[in-house]
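Enquirer: First, the structure itself, so that you have it in front of you.
In our numbering, the protein residues as written are 13 to 278.
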């Protein structure tokens with residue numbers, strides 16, 4: 013696990029966008045695992061800026077989103093399909109046939125989950141998975157006690173998660189669906205490369221538990237400690253409770269790839 017600590021959230025967003033753009037340049041048919049949320053909005057804005065400035069073609073990129081609310085149709089403004097259209101797909105001219113978001117209104121949700129896993133396998137697996145970190149340490153909608161070998165499935169949402177996501181539902185936690193269909197922890201861990209982006213002081217405690225605490229199903233993000241190629245990109249505020257932050261900074265400076273990326277942010 014690499015832990016890259018940057019001055020601000022904007023730096024973290026730009027670095028993540030730079031990494032994604034470079035992976036697409038190297039592999040035009042990249043399979044990209046997409047996440048949603050406020051952190052991702054800044055990343056997608058930065059990615060569009062890089063793609064436009066450098067002519068990066070996303071026409072062949074294939075995407076798989078982490079999750080979707082059960083009971084929310086794709087054309088609903090509160091759906092993650094709508095979110096992706098707004099923040100990424102429409103802005104990069106992506107082929108919609110190459111974009112995949114779980115169907116939260118499928119008549120058979122269990123069958124939808126199985127089919128989603130099959131689609132990921134048929135694409136050759138996920139090359140690069142983008143991740144945010146929930147306030148309780150969840151990745152995707154894998155709430156506490158999700159198994160580390162879990163696959164795409166319907167997952168009940170914790171009350172705290174529904175409170176955190178209420179803004180899209182008129183500020184009413186009771187209006188947030190009680191379940192979602194989500195990639196499993198095991199599915200996420202099979203990505204060849206993963207990037208966890210965490211910003212803001214409000215995420216400092218859970219980030220420290222995720223990367224420095226014991227591996228536990230109570231904090232599903234700790235499963236990323238087991239990933240062969242996981243990068244954590246955090247701003248100073250989110251990294252403020254890391255006990256080994258000086259070591260992480262030094263380790264990154266001695267890796268040529270990261271040093272090259274950091275030089276582009278100066």
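Glycine included, every Cβ here is placed at the ideal spot set by N, Cα and C.
In three-state DSSP terms, what is residue 141?
Expert: Residue numbering aside, residue 141 sits at position 129 when the chain shown is read from its first letter. Three-state DSSP puts residue 141 in a strand.
Enquirer: In three-state terms, what does DSSP make of residue 247?
Expert: In the chain shown, counting from the first residue as 1, residue 247 sits at position 235. Three-state result, residue 247: strand.
Enquirer: So, do the region 123-138 and the region 48-67 have three or more beta carbon pairs nearer to each other than 8 Å?
Expert: As far as the Cβ criterion goes, the region 123-138 does not touch the region 48-67, which means the pair count is below three.
Enquirer: Mind listing, in chain order, the continuous alpha helix (DSSP H) runs of no fewer than 4 residues lying wholly within the region 42-122?
Expert: For the region 42-122, whole alpha helix (DSSP H) runs of length 4 or above, ordered along the chain, are 50-66 and 92-96.
Enquirer: Relative to the C-alpha of residue 96, which residue among 83, 114 and 167 is closest?
Expert: Counted from its first residue, the chain shown places residue 96 at position 84. The shortest Cα separation from residue 96 among 83, 114 and 167 belongs to 114.
Enquirer: Apply the 10 Å Cβ neighbour rule to residue 272 and answer buried if 16 or more other Cβ atoms are within range, or exposed otherwise.
Expert: Within the chain shown, the letter at position 260 stands for residue 272. Residue 272 comes out exposed.
Enquirer: Does the distance from the C-beta atom of residue 137 to that of residue 43 stay below 8 Å?
Expert: Translated into positions along the chain shown, residue 137 becomes position 125. Translated into positions along the chain shown, residue 43 becomes position 31. Yes. Within cutoff.
Enquirer: Taking Cβ positions, are residue 132 and residue 143 nearer each other than 8 Å?
Expert: Residue numbering aside, residue 132 sits at position 120 when the chain shown is read from its first letter. Residue numbering aside, residue 143 sits at position 131 when the chain shown is read from its first letter. No. Outside cutoff.
Enquirer: Just to confirm the assignment, what range does the alpha helix (DSSP H) spanning residue 34 have?
Expert: Stepping through the chain shown from its first residue, residue 34 is reached at position 22. That run of the alpha helix (DSSP H) goes 21-38.
Enquirer: Measure the CB-CB distance between residue 31 and residue 70 and report whether it falls below 8 Å.
Expert: Within the chain shown, the letter at position 19 stands for residue 31. Within the chain shown, the letter at position 58 stands for residue 70. Result no, Cβ atoms of residue 31 and residue 70 do not sit closer than 8 Å.
Enquirer: So what does DSSP say about residue 186, is it helix, strand or coil?
Expert: For the purposes of this step, residue 186 is taken as the residue at position 174 of the chain shown. Here residue 186 sits in helix by DSSP.
Enquirer: How about residue 225: is its Cβ closer than 7 Å to a heavy atom in the ligand FMN?
Expert: Only the bare structure without any ligand can be found here, which leaves the ligand FMN out of the picture.
Enquirer: Assign residue 102 to buried or exposed, taking buried as 16 or more other Cβ atoms, counted over all protein chains shown, within 10 Å of its Cβ.
Expert: Residue numbering aside, residue 102 sits at position 90 when the chain shown is read from its first letter. Residue 102 should be labelled exposed.
Enquirer: What does a CB cutoff of less than 7 Å around residue 10 pick up in its chain, not counting 5 residues either side in sequence?
Expert: Given that the chain is displayed from residue 13 to residue 278, the structure contains no residue 10 and the question cannot be resolved.
Enquirer: Quick check: the region 208-223 against the region 233-250, are at least 3 beta-carbon pairs closer than 8 Å?
Expert: Flag = yes, the region 233-250 and the region 208-223 touch.
Enquirer: Taking only three categories from DSSP, how would you classify residue 252?
Expert: Along the chain shown, one-based indexing puts residue 252 at 240. If DSSP states are grouped into helix, strand and coil, residue 252 belongs with coil.
Enquirer: May I ask you to list the residues that DSSP assigns as paired with residue 267?
Expert: Here residue 267 corresponds to residue number 255 of the chain shown, with the count starting at 1. In the DSSP output, where bridge partners are listed per residue, residue 267 has none listed.
Enquirer: Just checking my contact of residue 121 with residue 219 at CB under 8 Å: how many whole Å lie between their CB atoms?
Expert: The sequence position of residue 121 within the chain shown is 109, counting from 1. The sequence position of residue 219 within the chain shown is 207, counting from 1. No, residue 121 and residue 219 are not in contact; Cβ-Cβ is about 32 Å, not under 8 Å.
Enquirer: In terms of residues, what are the limits of the beta strand (DSSP E) holding residue 208?
Expert: The residue labelled residue 208 in the question sits at position 196 within the chain shown. Start and end: 205-210.
Enquirer: With 16 other CB atoms within 10 Å as the buried threshold, where does residue 221 fall?
Expert: Along the chain shown, one-based indexing puts residue 221 at 209. Buried, since its Cβ has 16 or more Cβ neighbours within 10 Å.
Enquirer: Would you tell me roughly how many angstroms separate the C-alpha atoms of residue 82 and residue 98, rounded to the nearest one?
Expert: Along the chain shown, one-based indexing puts residue 82 at 70. Along the chain shown, one-based indexing puts residue 98 at 86. Spanning the two alpha carbons is a distance of roughly 20 Å.
Enquirer: Once the 5 residues before and after residue 190 are set aside, which same chain residues still bring their CB inside 7 Å of it?
Expert: Here residue 190 refers to the residue found at position 178 when the chain shown is read from its first residue. The answer, listed in chain order, is 168 and 169.
Enquirer: For residue 23, is the classification buried or exposed, using 16 other Cβ atoms within 10 angstroms of its Cβ as the cut-off for buried?
Expert: As a working mapping, residue 23 is identified with position 11 in the chain shown. Its Cβ being crowded by 16 or more others within 10 Å, residue 23 is buried.
Enquirer: Within this structure, are the beta carbons of residue 111 and residue 164 separated by less than 8 Å?
Expert: As a first step, residue 111 is located in the chain shown; it is residue number 99 there, counting from the start. As a first step, residue 164 is located in the chain shown; it is residue number 152 there, counting from the start. Contact flag unset, no.
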